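Participant: Let me begin by handing over the structure; questions about it come next.
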DNA sequence: TTTTCTAACTAACAATTGTTAGTTTTATCC
DNA sequence: GGATAAAACTAACAATTGTTAGTTAGAAAA
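Residue numbers (my numbering), protein chains in the order written: chain A, 90 to 253; chain B, 90 to 253.
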């Protein structure tokens, strides 16, 4: 809290005029970010695009967030375990439904003949790991061009799954 | 330290008969794990296998470590930033040369016509992210069969890169 | 048995942590 | 200009942290 206070130019105690506790601040940051992902997923999932285009739009969203909210993404990726009480449960539920929807889109790609039949759980895991760690590679390598990045990802993550 | 002491059945102060400091213990755990990876990489890289087989062996190593040393892998993946002084520098150097060698093997795959020409930096990043996060999916899903896992990974991570 | 050494113990330290109580400053509105 | 509210401040608290000093138990060596 003293570090945060210094960063915004006040004493640690003064922060408590604006927040109720450190946990509240942390929870707010994390759940806001989680809801951003949830909202993005819903918009994409409810659209009428083909499942492949949906995947491309999801990848695009992850790249955008990694570049735009690098710090928050670092938080949500690494520190969510420190959420307490019902915030922890709520986060896990948001994450779970996000992943389920993501996997369903992959399943649709297979059903509709775009992808060859693969283990969707592993495909999901592979894609999500890459997207979730993107922020850390991006902060090591700020000269990566986001647009280029997005294009390469769509190629690299999806083309391998496509039917020949 | 009190938690660790309880886990091994003694008082926190007694730990200091065995270690010099918390940092030393932490450093020991982390750098040992880092050297395991380095050693594995060297053995594979110095072998006379084709670059594709080398990649398969690397994947196999990551899967094995994720299953065998789940906790240490969690440490090395998430907590390395808390290394101090020269241990920090040493870790970064080990990681850097590991990644460079990994990328070189991918480049060899392209040069020797196994892979279609891709951005090797992004391919490396994608593969490594997946392998590094494997431990966390494995601890969520202990019923994953390591042998099956390895096979699926080799398929999922490499086949997408191969020439048709 | 006596000595020695290892590894546990108790008690306490200093530093750091999130937080609260009470006070003063700053801006806003009548 | 005086009242009011918001937001900063100082000072301190209680809890937790890594660690040290000094002591004691237990096994091995003499």
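Every residue, glycine too, gets a C-beta built ideally from N, C-alpha and C. Remember, it's a predicted structure, so these values are computed and weren't measured experimentally.
Can the beta-carbon of residue 196 (chain B) be found closer than 8 Å to that of residue 186 (chain B)?
Facilitator: No.
Participant: Tell me which residue opens and which closes the alpha helix (DSSP H) that residue 167 (chain B) is part of.
Facilitator: First-last of the alpha helix (DSSP H) with residue 167 (chain B): 159–167.
Participant: Which value, in whole angstroms, describes the spacing of the CA atoms of residue 193 (chain A) and residue 201 (chain B)?
Facilitator: 37 Å
Participant: Within the same chain, show all residues whose beta-carbon is closer than 7 Å to that of residue 169 (chain A), passing over the 5 residues directly before and after it, in chain order.
Facilitator: 119 and 180
Participant: Can a CB atom of chain B be found closer than 8 Å to the CB of residue 219 (chain A)?
Facilitator: Yes, contact with chain B.
Participant: Contact defined as beta carbons within less than 8 Å: I believe residue 173 (chain A) pairs with residue 95 (chain A). What is the distance between those atoms, to the nearest angstrom?
Facilitator: A Cβ-Cβ separation of about 25 Å leaves residue 173 (chain A) out of contact with residue 95 (chain A) under the 8 Å criterion.
Participant: Give, in chain order, every unbroken run of the alpha helix (DSSP H) that is at least 4 residues long and sits entirely within the region 167–242 of chain A.
Facilitator: 174–200, 209–229 and 235–242
Participant: Taking the beta carbon of residue 97 (chain A) as the centre, do at least 16 other beta carbons fall within 10 Å, making it buried, or is it exposed?
Facilitator: The residue is exposed, with fewer than 16 neighbouring Cβ atoms inside 10 Å.
Participant: DSSP state of residue 251 (chain A), grouped into three classes?
Facilitator: Strand at residue 251 (chain A).
Participant: Return the first residue and the last residue of the alpha helix (DSSP H) that residue 129 (chain B) is part of.
Facilitator: 111–134
Participant: Could you list the residues in the region 200–214 of chain B with a C-beta less than 7 Å from some C-beta on chain A, going in chain order?
Facilitator: Sequence-ordered contacts of the region 200–214 of chain B with chain A read 207, 208, 211, 212 and 214 [C-beta pairs closer than 7 Å].
Participant: List the residues of chain A whose Cβ lies closer than 9 Å to the Cβ of residue 242 (chain B), in chain order.
Facilitator: 211 and 215
Participant: Assuming residue 162 (chain A) and residue 243 (chain A) form a contact by the criterion Cβ under 8 Å, report the distance between their Cβ atoms to the nearest whole angstrom.
Facilitator: Contact doesn't hold; Cβ gap of about 19 Å is too wide.
Participant: Does any residue of chain B have a CB that is nearer than 8 Å to the CB of residue 246 (chain A)?
Facilitator: Chain B, which has a Cβ nearer than 8 Å to the Cβ of residue 246 (chain A), makes this yes.
Participant: Which residue wins for smallest C-alpha separation from residue 221 (chain A), given the options A:198, A:154 and A:230?
Facilitator: A:154
Participant: Residues of chain A with CB closer than 8 Å to the CB of residue 169 (chain B), please, in chain order.
Facilitator: What residue 169 (chain B) touches in chain A: nothing, since even the nearest Cβ is about 11 Å away.
Participant: Give the range of the alpha helix (DSSP H) segment to which residue 93 (chain A) is assigned.
Facilitator: 91–97 is the span of the alpha helix (DSSP H), which, as asked, contains residue 93 (chain A).
Participant: Just confirm the distance between the C-beta atoms of residue 252 (chain A) and residue 205 (chain A), as a whole number of angstroms; I'd bet it's less than 8 Å.
Facilitator: 5 Å
Participant: Counting only beta-carbon separations shorter than 8 Å, does residue 114 (chain A) have a partner in chain B?
Facilitator: no
Participant: Whose Cβ in chain A lies nearer than 7 Å to the Cβ of residue 250 (chain B)?
Facilitator: 249
Participant: Within the same chain, show all residues whose beta-carbon is closer than 7 Å to that of residue 216 (chain A), passing over the 5 residues directly before and after it, in chain order.
Facilitator: 246
Participant: Tell me the DSSP secondary structure of residue 138 (chain B) in three-state form.
Facilitator: DSSP, read as helix, strand or coil, puts residue 138 (chain B) in coil.
Participant: For the putative contact between residue 198 (chain A) and residue 133 (chain A), defined by C-beta atoms under 8 Å, what is the C-beta separation to the nearest angstrom?
Facilitator: About 14 Å separates the two Cβ atoms, so there is no contact after all.
Participant: Applying the criterion that 16 or more other CB atoms from any shown protein chain within 10 Å of the CB defines a buried residue, is residue 128 (chain B) buried or exposed?
Facilitator: That one is exposed.
Participant: Which value, in whole angstroms, describes the spacing of the CA atoms of residue 110 (chain A) and residue 101 (chain A)?
Facilitator: 11 Å
Participant: So residue 249 (chain A) and residue 160 (chain B) are supposed to be a Cβ contact under 8 Å. How far apart are they, rounded?
Facilitator: With a Cβ gap of about 31 Å, residue 249 (chain A) and residue 160 (chain B) do not count as contacting.
Participant: Taking 8 Å as the cut-off, decide whether the C-beta atoms of residue 223 (chain A) and residue 191 (chain A) are in contact.
Facilitator: no
Participant: By alpha-carbon positions, which one of B:125, B:123 and B:90 ends up nearest to residue 108 (chain B)?
Facilitator: B:90
Participant: By how many angstroms is the C-alpha of residue 241 (chain A) removed from the C-alpha of residue 139 (chain A)?
Facilitator: 20 Å
Participant: Using 8 Å as the threshold, is the C-beta distance between residue 105 (chain A) and residue 156 (chain A) below it?
Facilitator: Taking 8 Å as the Cβ cut-off, residue 105 (chain A) and residue 156 (chain A) do not qualify as a contacting pair.
Participant: Would residue 171 (chain A) be called buried (16 or more neighbouring beta carbons within 10 Å of its own) or exposed?
Facilitator: exposed
Participant: Report the three-state DSSP secondary structure of residue 107 (chain B) (helix, strand or coil).
Facilitator: coil
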